[in-house]
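Structure record follows, encoded as structure tokens.
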Amino acid sequence: MRRLKVVDSLSLTWLGVLFLAAVILPLVIAFDTETMSSAQRLAGPSADYWLGGDNYGRDLLARALAGARVSLGIGFGSVAIAALIGVPLGMLAGYLRGAVDAVISFVVDVVLAFPGLVLALALASFLGASIQNVMIAIIVPMTPVFARLAKAQTMAVSGREYVEASQVIGTPTRSIVWRDVLPNILPPILAYAMVNVGTAILIEGGLSFLGMGVPPDQPSWGSMINQGRVFISEDPRLVAVPSVFMLLTILGLNLLGDRFLSGNDKAGVR
Amino acid sequence: MTDPVFTLENGYVRYGGGHPDAVSGVTVRLHKGEILGLVGESGCGKSTTARAMLGLVPLNEGHLTLHGAPVGPNDKRLRASVQAIFQNPAASFNPKRSLLDSVAEPLRVRGIKDRRRRALEELDRVGVTEAMAGRRPYEVSGGQAQRAAIARATILRPEVLVCDEPVSALDVSIQAQILELLAELRTEQGLAMLFISHDLGVVASLCDRTAVMYAGKVVEQGAAPDIANRPRHPYSVALQDAVPSLDLADDHVPRVRTRAVTDDVDGRTLPGCRFSALCPFATDECATTPPPLDELSPRHEVACHHPFAPLHH
Amino acid sequence: MTLLSIRDLVVEFPTPAGVVRAVDHVSLELGFGERLGVVGESGSGKSVLARTAMGLTRKGPARISGEVVIDGRSILGLSERGRRALWGREVAMVFQDPLSALHPITPIGAQIAEAVRRDPSVKKEQAAKRAVELLEIVGIPQAARRAKSRAHELSGGMRQRVAIAMAVAGRPKLLFADEPTTALDVTVQARILDLFDELCREFGIGIVMVSHDLGVVGRHTDHVAVMYAGRIAERGPVKAVFARPSMRYTSALMAAIPSHRAERQTLPKPIPGSPPNLLAPPPGCRFAPRCAFATDRCGTEQPTLTELSGGHEYACWHPGQEAVR
Numbered sequence: 455m456r457r458l459k460v461v462d463s464l465s466l467t468w469l470g471v472l473f474l475a476a477v478i479l480p481l482v483i484a485f486d487t488e489t490m491s492s493a494q495r496l497a498g499p500s501a502d503y504w505l506g507g508d509n510y511g512r513d514l515l516a517r518a519l520a521g522a523r524v525s526l527g528i529g530f531g532s533v534a535i536a537a538l539i540g541v542p543l544g545m546l547a548g549y550l551r552g553a554v555d556a557v558i559s560f561v562v563d564v565v566l567a568f569p570g571l572v573l574a575l576a577l578a579s580f581l582g583a584s585i586q587n588v589m590i591a592i593i594v595p596m597t598p599v600f601a602r603l604a605k606a607q608t609m610a611v612s613g614r615e616y617v618e619a620s621q622v623i624g625t626p627t628r629s630i631v632w633r634d635v636l637p638n639i640l641p642p643i644l645a646y647a648m649v650n651v652g653t654a655i656l657i658e659g660g661l662s663f664l665g666m667g668v669p670p671d672q673p674s675w676g677s678m679i680n681q682g683r684v685f686i687s688e689d690p691r692l693v694a695v696p697s698v699f700m701l702l703t704i705l706g707l708n709l710l711g712d713r714f715l716s717g718n719d720k721a722g723v724r
Numbered sequence: 010m011t012d013p014v015f016t017l018e019n020g021y022v023r024y025g026g027g028h029p030d031a032v033s034g035v036t037v038r039l040h041k042g043e044i045l046g047l048v049g050e051s052g053c054g055k056s057t058t059a060r061a062m063l064g065l066v067p068l069n070e071g072h073l074t075l076h077g078a079p080v081g082p083n084d085k086r087l088r089a090s091v092q093a094i095f096q097n098p099a100a101s102f103n104p105k106r107s108l109l110d111s112v113a114e115p116l117r118v119r120g121i122k123d124r125r126r127r128a129l130e131e132l133d134r135v136g137v138t139e140a141m142a143g144r145r146p147y148e149v150s151g152g153q154a155q156r157a158a159i160a161r162a163t164i165l166r167p168e169v170l171v172c173d174e175p176v177s178a179l180d181v182s183i184q185a186q187i188l189e190l191l192a193e194l195r196t197e198q199g200l201a202m203l204f205i206s207h208d209l210g211v212v213a214s215l216c217d218r219t220a221v222m223y224a225g226k227v228v229e230q231g232a233a234p235d236i237a238n239r240p241r242h243p244y245s246v247a248l249q250d251a252v253p254s255l256d257l258a259d260d261h262v263p264r265v266r267t268r269a270v271t272d273d274v275d276g277r278t279l280p281g282c283r284f285s286a287l288c289p290f291a292t293d294e295c296a297t298t299p300p301p302l303d304e305l306s307p308r309h310e311v312a313c314h315h316p317f318a319p320l321h322h
Numbered sequence: 022m023t024l025l026s027i028r029d030l031v032v033e034f035p036t037p038a039g040v041v042r043a044v045d046h047v048s049l050e051l052g053f054g055e056r057l058g059v060v061g062e063s064g065s066g067k068s069v070l071a072r073t074a075m076g077l078t079r080k081g082p083a084r085i086s087g088e089v090v091i092d093g094r095s096i097l098g099l100s101e102r103g104r105r106a107l108w109g110r111e112v113a114m115v116f117q118d119p120l121s122a123l124h125p126i127t128p129i130g131a132q133i134a135e136a137v138r139r140d141p142s143v144k145k146e147q148a149a150k151r152a153v154e155l156l157e158i159v160g161i162p163q164a165a166r167r168a169k170s171r172a173h174e175l176s177g178g179m180r181q182r183v184a185i186a187m188a189v190a191g192r193p194k195l196l197f198a199d200e201p202t203t204a205l206d207v208t209v210q211a212r213i214l215d216l217f218d219e220l221c222r223e224f225g226i227g228i229v230m231v232s233h234d235l236g237v238v239g240r241h242t243d244h245v246a247v248m249y250a251g252r253i254a255e256r257g258p259v260k261a262v263f264a265r266p267s268m269r270y271t272s273a274l275m276a277a278i279p280s281h282r283a284e285r286q287t288l289p290k291p292i293p294g295s296p297p298n299l300l301a302p303p304p305g306c307r308f309a310p311r312c313a314f315a316t317d318r319c320g321t322e323q324p325t326l327t328e329l330s331g332g333h334e335y336a337c338w339h340p341g342q343e344a345v346r
């Protein structure tokens, strides 16, 4: 059993609480993110509104948690889809090599030649602002990165003696890829995916901030920062609350990703 | 002499990119119940020969035969009849699976039932207990893992076992256990084995015949005791002389100390005998004409223009 | 005169599962210009012993007690700085993997020159010249040209020669060699071992050679210490020990080595079982559970070193040359 360090426990706690509050809690009590109370306009924290109200007098905490749902959903969702497309492609290229590899690697190289954020921006502005389009804008530049990582990992693993041992036994290629290669390349890919969820949340925030992401009527951290921007001199809280949520979440994901990778090295590399 | 079970006929392996042949016209014939030792130093092509015989690297020329019939590198018959064990026992198992799972894998691939019981039986036969069988490869000792590797290789009752440095990663006390196990397999199952090793002692004590490789070619082969005690190729002599003998009464004076210390000469690029650059007996003929592998005495072949005279004890 | 004296050395590594005692009350001595072989299987503590004697084992992860004295100077109490001053001048080390000692980019000649210049009285030009001389001494052909090569351009044997040249550049009195030829081919190994003999003969360097290979130690050292599970099983002049192994582990180990001059196929005799778990070693003789001659006494009472003849000592209750009954 590995002992968890303090930072790991803190990261886990934050992400756990956020998940409970943003995803589980709404199933029990409905968040009121829309009611505009003139008394709460730019009001400080109170017993009713724990983090105070925004410029329309809406509950800032409720909106930040609702935003978390959108941001986490987009982050995990788009990374999952990118990994589900990219990893199999990369494994095919890495295990079969030859022509398959040449085609896949060419496509990967072409997509990766565009700077990720610019590509996302271009796609988002072309497709229009919606959650689905934000995800597409994140998935397209992210998929080839997963493909490339999976290819490199697959190539490293397929040179190992146990893969050769399986070949000699007569194990079919499909089975070798599924049972010998995949489980052994998964830990670094999962760690990388965790870090990428952070990146995806950041891109979503950026796009929403620019008005090209999540539509303004749906709270997301990016759109909240965008709306609060105007009031930054009067009440920096409107920008600070979603920003801090975003910062802690991304930091937590990165730290856990790193930890996951270094913890897995020990057993996997032997 | 019976017909060989499994052979590599005149095999060539080139890795391309202008590299000289890794394996150059090597013929290996494995007979039922006989262990052929293949010795040589790093880079001589002995492992590549093994890998080619397992279909893991393609042959550029030459072919494999099973019971006299040619067989392709991906042929089902090859996979059923020819199995292997490798140098690093722990590394030859998937780290995410238990030894038992991996040993049962050949049965699973062929859709054979009752896998768990048969795998446990096979493991028990090679001395791995049920408690050990449930562990991951890196949770057991090297000796245990190598036993499990032998169980995996023999569970389908193959005719041929290719062993690539199977004991070099093990301590001597454990090494002797594994050698004993392999010798038993030869006798009990009549396995034909190719045993690759850089350790001349291991080969001399286990193998029936020995082939010596240098720079991609077999330079000498014959009965194991003959190669060990009456080698005739200067390279084989140099190799035997270099082993520090534990028998301190053995005041053996080295007969061949290879020439100069240019141990980075690549013999494969030489037009004549590949050992000629290092050989103290090399003549002009050696530098220009590659010597063929000739049968100098019954079942003792040497590829040398100036072999050592046969010694008689 | 004693060059190296190890007295009652204990090295322990606390782990989450318990304390591993890698070296258990070991005492050894070595004179100037003598060669000592330390043999044993993996986990015998031979490497930890050598590394600790050289001052390489860190006090943080390890608990060390006892004494190590090299040429009159106690090693274990030295500060980091004191040790650095010692390494390369008084003692040097050659490892199994020569690349670990060599810088990948700096030409080998410059690296050796740097080692030579640890003696402040040597001038730069002298050091460069000396580096080429050292390369010649270790048998590198065309040394002046080779001095400009980088480590990765050389073969394994050449690299080990360069590592040896670097180790002896500071004219050490004592050289630790940890499995120095294990990664090398036999013909290359033979030359490297000849080189060690030469260094010892001509420069009076004392050598501690750690190896799993009894043949290597038997042929190229004067004294031998056989280790098992952290303890000295047997020690003494190498010829005496190998001619008359007395601790049953030594006998069993020798019987487990295959002979390369076998006239008939004679399989080496395996030692049953496996080395003890150092977290829970057997109470008496560490070898008792694997020994064919063990009695009740072996299981409870730890044998002490007993002298057989001039300096030849063994730790066994039932000494003898046979490995199996």
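Residue numbers (our numbering), protein chains in the order written: chain A, 455 to 724; chain B, 10 to 322; chain C, 22 to 346. The C-beta atom is built at its ideal place from N, Cα and C for all residues, glycine as well. All of these numbers come straight from a predicted model, not from anything done at the bench.
C-alpha gap between residue i and residue j, whole angstroms
i        : j        : result
A:VAL631 : A:THR653 : 29 Å
C:PHE53  : C:LEU214 : 19 Å
B:VAL227 : B:VAL176 : 22 Å
A:GLY540 : A:LEU466 : 27 Å
A:LEU640 : A:LEU715 : 10 Å
B:THR292 : B:MET222 : 21 Å
A:VAL617 : C:PRO310 : 37 Å
C:ASP206 : A:LEU573 : 55 Å
A:ILE643 : A:ASP712 : 11 Å
C:ARG282 : B:ALA158 : 29 Å
C:GLU284 : B:LEU209 : 13 Å
C:GLY332 : C:ILE226 : 22 Å
A:TRP675 : A:ALA567 : 29 Å
C:ASP234 : C:VAL60  : 7 Å
C:PRO279 : C:GLY98  : 43 Å
C:PRO297 : C:PHE308 : 8 Å
Per-residue burial, residue i [other beta carbons within 10 Å of its own, 16 or more giving buried]
i        : result
C:TYR249 : buried
C:MET22  : exposed
C:ALA264 : exposed
B:VAL80  : buried
B:ASN83  : exposed
Residue-level contact to chain B via CB, residue i, 7 Å cutoff
i        : result
A:THR627 : no
C:HIS173 : no
A:PRO637 : yes
Residue-chain proximity (residue i, chain A), Cβ-Cβ < 7 Å
i        : result
B:VAL118 : yes
B:LYS41  : no
Proximity test, Cβ basis, 7 Å: residue i and chain C
i        : result
B:GLU189 : yes
B:GLN198 : no
B:ASN83  : no
B:PRO253 : yes
- prompt: Should the region 268-277 of chain C be called in touch with the region 252-260 of chain C, which here means at least 3 C-beta pairs below 8 Å?
  reply: These segments touch.
message: Check whether the region 115-122 of chain C and the region 192-204 of chain C touch, using three or more Cβ-Cβ pairs below 8 Å as the test.
response: Contact annotation: the region 115-122 of chain C touches the region 192-204 of chain C, with at least three C-beta pairs closer than 8 Å.
query: On the three-pair Cβ rule with 8 Å, is the region 317-325 of chain C touching the region 75-90 of chain C?
result: No, the region 317-325 of chain C does not touch the region 75-90 of chain C.
Validate contact between the region 553-566 of chain A and the region 599-607 of chain A using beta carbons, cut 8 Å, 3 pairs: The answer is yes - the region 599-607 of chain A touches the region 553-566 of chain A, with three or more Cβ pairs under 8 Å.
message: Which complete alpha helix (DSSP H) runs does the region 227-259 of chain C hold, if anything under 4 residues is left out?
response: Segments of the alpha helix (DSSP H) lying fully in the region 227-259 of chain C: 235-241.
message: If contact is defined by three or more beta carbon pairs under 8 Å, each pair taking one atom from either stretch, is the region 128-139 of chain C in contact with the region 147-156 of chain C?
response: Between the region 147-156 of chain C and the region 128-139 of chain C, the count of C-beta pairs closer than 8 Å reaches three or more; the two stretches touch.
message: Under 8 Å: do the region 688-707 of chain A and the region 30-40 of chain B share three or more Cβ pairs, one atom per stretch?
response: When C-beta atoms of the region 688-707 of chain A are compared with those of the region 30-40 of chain B, fewer than three pairs fall below 8 Å, so the two segments do not count as touching.
Runs of alpha helix (DSSP H) wholly within the region 126-193 of chain B (minimum 4 residues, chain order): List check, alpha helix (DSSP H) in window: 139-142, 151-163.
- request: Assess, as a yes-or-no matter, whether the region 578-590 of chain A is touched by the region 55-70 of chain B under the definition of 3 or more beta carbon pairs within less than 8 Å.
  value: No: the two stretches stay apart, fewer than three of their Cβ pairs being nearer than 8 Å.
field: Contained alpha helix (DSSP H) runs [length at least 4] in the region 141-206 of chain C, N- to C-terminal order
entry: 145-158, 164-167, 177-190, all fully within the region 141-206 of chain C.
task: For the region 45-96 of chain B, list the beta strand (DSSP E) runs that are entirely contained and at least 3 residues long, ordered along the chain.
output: For the region 45-96 of chain B, the continuous beta strand (DSSP E) assignments of 3+ residues that do not extend past its boundaries occur at 70-75, 78-80, 91-94, in sequence order.
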